[in-house]
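Residue numbers (my numbering): 2 to 256.
A quick write-up on the structure given underneath.
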């Protein structure tokens with residue numbers, strides 16, 4: 002079995018694969034103050050709770066955009082699972098030509114999503130990941146990574162309103178039935194969600210124009226992708242496990 006781990010700024014997502022089948026997955030908060038022992042015991046508890054034999058694990062692959070988290074995590078994997086993990090970074094085979102001023106600037110999560118998209122859906126494509134930030138990654142018809150867009154995620158926007166405006170409440174991220182709101186909570190939710198839909202639609206349209214690819218497919222992932230997909234028709238496909246799939250594919254390319 003293969004354990005794949007994606008370390009993001011807000012959450013760590015883990016998945017267990019038997020060949021190409023995702024058996025189970027977990028999402029936990031990225032806690033920078035955890036020790037390797039705490040992480041190791043926590044991983045053991047996750048497997049026990051799902052009744053999966055942790056000793057059946059043979060391989061681990063990790064992608065991370067949080068360097069400070071990696072020392073403890075890699076220590077936990079080595080000390081508790083007795084596996085030397087594969088880490089997404091320089092030297093790993095991706096099959097993706099990165100056409101950027103500085104390819105090293107491309108985050109591991111975005112690279113992994115690009116690999117998954119080319120493998121599962123083909124190119125040209127736009128990959129949108131609704132995470133701490135909302136990221137748009139553009140893949141040419143040859144399957145090359147040719148650049149992207151980064152904007153604040155919905156939760157960052159909601160938190161900024163709450164923190165900067167004394168009389169505005171913290172709200173859940175949900176889509177009101179109507180864009181014209183009759184109360185403060187609905188008004189904030191409307192601005193957040195319908196504003197994000199407008200942003201996504203405009204960026205997709207503009208990328209298609211710049212690349213001269215009017216039918217470029219759009220693959221969405223991340224916790225809020227389904228919310229923004231509902232009734233909008235913006236996305237060709239929503240795949241909540243895109244990053245996990247990309248990690249599995251990368252492991253297969255590099256084992």
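Beta carbons: idealized from backbone N, C-alpha and C, even for Gly.
Just so you know, these numbers come straight off a predicted model, no measurement behind them.
Buried/exposed call for residue i, threshold 16 Cβ in 10 Å
i: residue 123; result: exposed
i: residue 210; result: exposed
i: residue 142; result: exposed
i: residue 65; result: buried
i: residue 185; result: exposed
i: residue 114; result: buried
i: residue 196; result: exposed
i: residue 91; result: exposed
i: residue 249; result: buried
i: residue 198; result: buried
i: residue 74; result: buried
i: residue 68; result: exposed
i: residue 34; result: exposed
i: residue 206; result: exposed
Extent of the continuous alpha helix (DSSP H) to which residue i belongs
i: residue 246; result: 243-255
i: residue 141; result: Neither: residue 141 is in no alpha helix (DSSP H) and is coded neither H nor E.
i: residue 57; result: Looking at the DSSP string, residue 57 is not in any alpha helix (DSSP H), and its letter there is neither H nor E.
i: residue 38; result: 37-50
Residue i, enclosing beta strand (DSSP E) - first and last residue
i: residue 128; result: 126-131
i: residue 146; result: 146-153
i: residue 97; result: Run containing residue 97: none; DSSP gives neither H nor E here.
Proximity of residue i and residue j at Cβ, strictly below 9 Å
i: residue 31; j: residue 12; result: yes
i: residue 153; j: residue 134; result: yes
i: residue 41; j: residue 76; result: yes
i: residue 148; j: residue 71; result: no
i: residue 160; j: residue 130; result: no
i: residue 221; j: residue 230; result: yes
i: residue 60; j: residue 112; result: no
i: residue 146; j: residue 208; result: no
i: residue 251; j: residue 116; result: yes
i: residue 88; j: residue 62; result: yes
i: residue 172; j: residue 157; result: no
i: residue 29; j: residue 18; result: no
i: residue 26; j: residue 14; result: yes
i: residue 228; j: residue 178; result: no
Local conformation of residue i per DSSP, three classes
i: residue 21; result: coil
i: residue 209; result: helix
i: residue 114; result: helix
i: residue 122; result: coil
i: residue 223; result: strand
i: residue 66; result: coil
i: residue 84; result: coil
i: residue 232; result: coil
i: residue 2; result: coil
i: residue 217; result: coil
i: residue 239; result: strand
i: residue 267; result: With the chain running from 2 to 256 in the structure shown, residue 267 is simply not present.
i: residue 90; result: coil
i: residue 73; result: helix
i: residue 134; result: strand
is_contact[residue i, chain D] using C-beta, thresh 9 Å
i: residue 49; result: The displayed structure is made up of one protein chain only, and chain D is not part of it.
Closer than 8 Å: residue i CB and nearest the ligand FAD heavy atom
i: residue 145; result: Only the bare structure without any ligand can be found here, which leaves the ligand FAD out of the picture.
Go through the segment 156-207 residue by residue and report every complete run of the beta strand (DSSP E) that reaches 3 residues or more, in order. Within the segment 156-207, no run of beta strand (DSSP E) reaches 3 residues while sitting entirely inside it.
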